[in-house]
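Those sequence lines, one after another, are chains G and S. Going letter by letter, the first sequence gives residues 712 to 823 in our numbering. Going letter by letter, the second sequence gives residues 31 to 143 in our numbering. Worksheet: one structure, shown below.
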Amino acid sequence: SQQGEEDPQALSIQEGENATMNCSYKTSINNLQWYRQNSGRGLVHLILIRSNEREKHSGRLRVTLDTSKKSSSLLITASRAADTASYFCATDKGTSGSRLTFGEGTQLTVNP
Amino acid sequence: NAGVTQTPKFQVLKTGQSMTLQCAQDMNHEYMSWYRQDPGMGLRLIHYSVGAGITDQGEVPNGYNVSRSTTEDFPLRLLSAAPSQTSVYFCASSYYKETDTQYFGPGTRLTVL
């Protein structure tokens with residue numbers, strides 16, 4: 712099964728609202744990354760948070776990491792229609808030969 | 031910089047045909063990889079390369095070949111297309127290793143009839 716699993720699978724909100732997506736994983740990690748994928752496009756890296764960090768910000772994005780619960784959340788504040796996309800978390804264990812494992816994504820729809 | 035480019039954007043093949051998906055990057059990245067994306071299965075790693083002349087298998091390598099003769103190019107060859115290879119294919123690159131930030135190409139949507 713996937714190391715990272717996003718929740719919810721789909722989220723629909725109104726423009727201006729905040730959107731929160733969660734990622735859970737099973738084993739200890741080194742880094743956790745969030746990516747965005749617009750329809751018909753490749754994935755775009757949003758933010759990387761290391762296992763010794765608890766929170767990171769980038770513009771309207773806020774990512775938290777709780778290693779005790781093996782979970783991360785991505786918060787998008789004051790959402791816009793242009794934020795409509797799929798959001799994926801990706802984890803790596805940090806061991807030699809560690810793979811980057813992607814979850815199946817959360818489909819976010821922001822309605823104008 | 032163009033980043034990671036892929037051609038073609040769309041392709042339709044008949045079962046048994048072969049073809050090559052092209053991928054190039056101009057960021058001087060050592061690590062390059064190919065993923066396929068299928069509904070409900072997320073991204074799965076097909077093959078990867080840690081540098082020119084070095085390639086290795088990922089999670090789902092059967093039916094695909096790769097080579098890396100230059101740092102810039104990493105083509106993916108489908109040897110004998112099967113309907114199960116209908117998917118969207120993404121090429122990605124990163125500075126040194128898979129767990130660095132990945133830069134993705136725009137994808138190739140492949141349909142095998």
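The beta-carbon is built from N, C-alpha and C at its ideal position, and this holds for glycine as well.
The beta strand (DSSP E) enclosing residue i, as first and last residue numbers
i	result
D86 of chain S	I84 to Q87
T802 of chain G	A796 to D803
N822 of chain G	T817 to N822
E766 of chain G	E766 to S769
L743 of chain G	N742 to Q748
G715 of chain G	G715 to D718
Q725 of chain G	A721 to Q725
S782 of chain G	S782 to I787
T37 of chain S	V34 to T37
A792 of chain G	Note, A792 of chain G: premise wrong, no beta strand (DSSP E); not H, not E.
L143 of chain S	Per DSSP, L143 of chain S belongs to no beta strand (DSSP E) and is neither H nor E.
S48 of chain S	It is not in any beta strand (DSSP E) - S48 of chain S carries neither H nor E in the DSSP assignment.
N733 of chain G	A730 to Y736
T775 of chain G	L772 to D777
R761 of chain G	L754 to R761
Residues that residue i contacts on chain S, provided the C-beta gap is smaller than 8 Å
i	result
D803 of chain G	E128 and T129
N729 of chain G	Here the premise fails: no neighbours, minimum Cβ distance about 25 Å.
E815 of chain G	G70, M71 and G72
Residue i: contacting residues in chain G (beta-carbon distance under 9 Å)
i	result
G135 of chain S	G753
Contacts that residue i makes with chain S (C-beta to C-beta distance below 9 Å)
i	result
Q744 of chain G	T129, T131 and Q132
R810 of chain G	L75, G88, E89, E128 and T129
N741 of chain G	T129
Nearest-angstrom Cβ-Cβ length linking residue i and residue j, presumed shorter than 8 Å
i	j	result
G88 of chain S	E60 of chain S	Contact flag wrong, Cβ pair sits at about 16 Å.
L51 of chain S	Y119 of chain S	6 Å
S797 of chain G	G816 of chain G	4 Å
Y94 of chain S	L75 of chain S	In fact, because the Cβ distance is near 11 Å, the residues do not count as touching under 8 Å.
A721 of chain G	I787 of chain G	In fact, because the Cβ distance is near 15 Å, the residues do not count as touching under 8 Å.
N741 of chain G	S762 of chain G	6 Å
R139 of chain S	K39 of chain S	7 Å
At what residue ranges does the segment 56 to 140 of chain S contain a whole run of the alpha helix (DSSP H), taking only runs of 4 or more? none
Listed from N- to C-terminal order along the chain, which residues in the segment 754 to 773 of chain G have their beta-carbon within a distance smaller than 8 Å of any beta-carbon of chain S? L754, V755, H756 and L759
Just by C-beta distance, which residues in the segment 110 to 122 of chain S are closer than 7 Å to chain G? F120
In chain order, what residues of the segment 71 to 85 of chain S put their CB closer than 8 Å to some CB of chain G? M71, G72, L73 and L75
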